[in-house]
Amino acid sequence: GAVVSQHPSRVICKSGTSVKIECRSLDFQATTMFWYRQFPKQSLMLMATSNEGSKATYEQGVEKDKFLINHASLTLSTLTVTSAHPEDSSFYICSASIRTSGGLRNEQFFGPGTRLTVL
Amino acid sequence: KQEVTQIPAALSVPEGENLVLNCSFTDSAIYNLQWFRQDPGKGLTSLLLIQSSQREQTSGRLNASLDKSSGRSTLYIAASQPGDSATYLCAVVQGGSEKLVFGKGTKLTVNP
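Below you can see the structure in the form of structure tokens.
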């Protein structure tokens, strides 16, 4: 159980285009989904937190107009990189959080990641 | 601001050796701590989660301990195997938050 999928796994696009990445919780309803980016040999940096039906909360320094997040249901969140530039090339990973009764566990399960290359 | 540090950054051991990976965090007011494994170009696999009220968790050859007051956690891997080669990440959730703060990881290589 607790499987999270991402699509696509790899995308190459031209500078100036927009790219949409999907994150799905396959066998559970996620109270919250998170989007991270990871540069080579670096750790994961949280970009934004999204709750179903409400606006995402972005971390300091992350442009909300550039990284559009939509969380339409308890099993799907999307990240759209708008007007992509080469510096947006990175590994993007989503996670989904399960909160058990009483809020005790609050564990995040991660998707396999999406490698974005902007030419 | 919470900071998570992992030492060493890289570790190479022969197969069969027992090893310890270290993680420290600056703010002890955490909700829980997770250890993850990441293979090259892949996402994260959760290995162990320790709630702030717990001292340790075990899963197979893995044992994670937590000393919240001193801001430290260790991941013990027994009888290491080449298949254990990966980057191991430690992350904490701050109390009152759902956000994970990650360390930079320890890259483990187990040589046959």
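So the sequence lines, in the order shown, correspond to chains A and B. Numbering-wise, the first sequence is residues 1 to 119 according to my numbering. Numbering-wise, the second sequence is residues 120 to 231 according to my numbering. All C-beta atoms in this analysis are idealised placements derived from N, C-alpha and C, irrespective of residue type, glycine included.
Per DSSP, the continuous beta strand (DSSP E) segment holding residue 37 (chain A) begins and ends at 32–38. In this structure the segment 42–52 of chain A touches the segment 67–80 of chain A; the number of beta carbon pairs closer than 8 Å is three or more. Considering only B:178, B:209, B:164, the residue with the shortest C-alpha distance to residue 113 (chain A) is B:164. Between the beta-carbon of residue 15 (chain A) and that of residue 81 (chain A) there is about 11 Å, and that puts the pair past the 8 Å contact cut. By the CB criterion at 8 Å, residue 213 (chain B) and residue 169 (chain B) fall outside the cutoff. Under the three-state reduction of DSSP output, residue 133 (chain B) falls in the strand class. Residues are counted here when their Cβ sits less than 9 Å from a Cβ of chain B; for the segment 43–54 of chain A these are 43, 44, 45, 46, 49, given in chain order.
For residue 131 (chain B), the closest alpha carbon among the candidates B:222, B:192, B:200 is that of B:200.
Along the segment 174–228 of chain B, the beta strand (DSSP E) occurs as fully enclosed runs of 3 or more residues at 175–178, 181–186, 191–196, 205–213, 219–221, listed in sequence order.
Only exposed fits residue 126 (chain B), as fewer than 16 other CB atoms lie within 10 angstroms of its CB. In terms of Cα proximity to residue 26 (chain A), the closest of A:85, A:41, A:79, A:97 is A:97. In terms of beta-carbon proximity, residue 24 (chain A) stays away from the interface with chain B, with every pair separated by 8 Å or more.
Rounded to whole angstroms, residue 197 (chain B) and residue 178 (chain B) show a C-alpha spacing of 11 Å. Under a 10 Å Cβ-count criterion, residue 79 (chain A) is classified as buried, with 16 or more other Cβ atoms of the shown protein chains found around its own Cβ. Residue pairing for residue 7 (chain A): DSSP places it in a beta bridge opposite A:22.
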